[in-house]
Amino acid sequence: MSTALEHMVELTRSRDRELVDASLLTALLDLLPSTRRVLLWRVLGEPGQPQQWLHCGRQDRGDLVPATELQLGDQGEPPAFATMPAHARCFASVQMLTEPLPDGVQVLVPMASEREVEGVVELWLDAPLDAQGERLARSVLKIHRNFLSLLEYSERDTLTGLLNRKSFDETFLKATVLEAERLFTSDADPRRHAGLRHHFLGVIDIDHFKRVNDDYGHLIGDEVLVLVARIMRSTFRYDDRLYRFGGEEFVVLLTAPDDEAAGAAFERLRLNLENFVFPRAGRVTISTGYSDVRPGDTPQAAFDRADKAVYHGKENGRNQVCSYRELVAAGLLSESSDSSDVELF
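Under full-length UniProt numbering, the first residue of the sequence shown carries the number 1, and numbering increases by one thereafter.
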């Protein structure tokens, strides 16, 4: 059994969020001896809007490593907030709760900072925690939350709250690894590939944004950027990654069954923005280009493909979504053997 100090060193060793969560699960399982299972739940959705529970990790006594892949409910979506009433009470009250189990107890601990509650940690124990155990559980969670806050500060755009460009490369490379694994896993059993979602990268550019700044001033321009980011968050799925790369340029790394479904997701965003009346700027539109993420891709190669599609859209009327694959198929873009080397006719 590792000491508490050793677990804290491990908890703060990595900048990878999944590894940080895994270290939290292992620490709680190891430091609270009567614990036989630890589960990590985060809440999705803004206050006042429909919210859901996202299952982010689980470790049972005897497991060598925790499972930190996102787990969905029976309908392929995270369970609704109200379907887990005990967890909802813990979240709303920001209080530790103890619930009976047939062979022990369930202890729910809020994952809270001074500003917000992020989720709930669920502990299955043989016996209730004593006062020392409660203090230890709260302290471990505070260290975990404080470290994640430091990561958030370094990875987030200060204006919009979206991820920043610095955090993009690592996430992108994970996506290329997943695409490579799917390419080289057994083709003998096609059922393994049924329902798989593939990664797509989209580049989004606000149309005539310079005109907004020139006509209304930079404060109103910043307001437009913040509202665009808010609409992006409400449009895309919980596991899609949203970035602001600087200025009026945004990037989305999402998963979808195919090119058509990815295009539909970007089209929803285009329509949501087109139909939104900005308080000062009025009507604002976007041009979007997107491409699939390929095994062995570099971030620059995928970005360049999507960016070429954006350029085509802006040169041909703006306020539209352009698929790199469809443009190549139509002969509007030419792709050489090097996918990042593209010529625009």
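Positions of the beta carbon are idealized from the N, C-alpha and C atoms, including for glycine. Values in this document were obtained by computation on a predicted structure and should not be read as measured data.
If you run the structure through DSSP and keep just helix, strand and coil, what is residue i?
i, result
"D239", "coil"
"S104", "Sequence inspection shows Gly at residue 104; the Ser mentioned does not correspond to that position. Three-state result, G104: strand."
"S287", "strand"
"M96", "coil"
"A80", "strand"
"G331", "coil"
"residue 359", "Here the chain covers residues 1 to 345 and nothing more, so residue 359 does not appear."
"F278", "strand"
"S34", "coil"
"R325", "helix"
"A112", "strand"
"E292", "According to the sequence shown, residue 292 is Asp rather than Glu. In this structure, D292 counts as strand in the three-state DSSP scheme."
"E249", "strand"
"E122", "strand"
"S14", "coil"
"R305", "helix"
"G313", "helix"
"V65", "coil"
Between the options, which has its C-alpha nearest residue i's C-alpha?
i, options, result
"R283", "N272, V43, M8 and G289", "N272"
"R165", "F303, F245 and L332", "F245"
"D130", "L150, P102 and L97", "L97"
"P279", "L225, I204 and K314", "L225"
"G161", "G317, F250, E122 and R15", "F250"
"V117", "W41, R230 and R237", "W41"
"T105", "L163, R58, V38 and K142", "Here residue 105 turns out to be Val, not Thr, going by the sequence shown. Comparing Cα positions, the closest option is V38."
"D239", "G45, L31, R13 and A4", "G45"
"D121", "D63, V310 and Q95", "For the record, residue 121 in the displayed sequence is Val; it is not Asp. V121 has its Cα closest to that of Q95, out of D63, V310 and Q95."
"W124", "L29, G62 and E10", "L29"
"Q59", "A27, P79 and F81", "A27"
"R305", "N319, Y290, R318 and N316", "Y290"
Measure how close the beta-carbons of residue i and residue j come, nearest whole angstrom, since I'm counting them as under 8 Å.
i, j, result
"V20", "G119", "Wrong, their Cβ atoms sit about 14 Å apart, outside the cutoff."
"L159", "D222", "6 Å"
"A137", "V109", "5 Å"
"K314", "S287", "5 Å"
"V212", "I220", "7 Å"
Is the region 200-212 touching the region 252-260 in the sense that three or more CB pairs, one from each, lie closer than 8 Å?
Yes, since at least three Cβ pairs between the region 252-260 and the region 200-212 fall closer than 8 Å, the two stretches touch.
Q) For the 8 Å Cβ check, are there 3 or more pairs between the region 15-30 and the region 55-71? A) Contact holds: three or more Cβ-Cβ distances are below 8 Å.
Practice task
Could you tell me whether the region 235-243 touches the region 289-301, where touching means 3 or more Cβ pairs closer than 8 Å?
Solution key: By the C-beta criterion, the region 235-243 is judged not to be in contact with the region 289-301, since fewer than 3 inter-stretch pairs fall below 8 Å.
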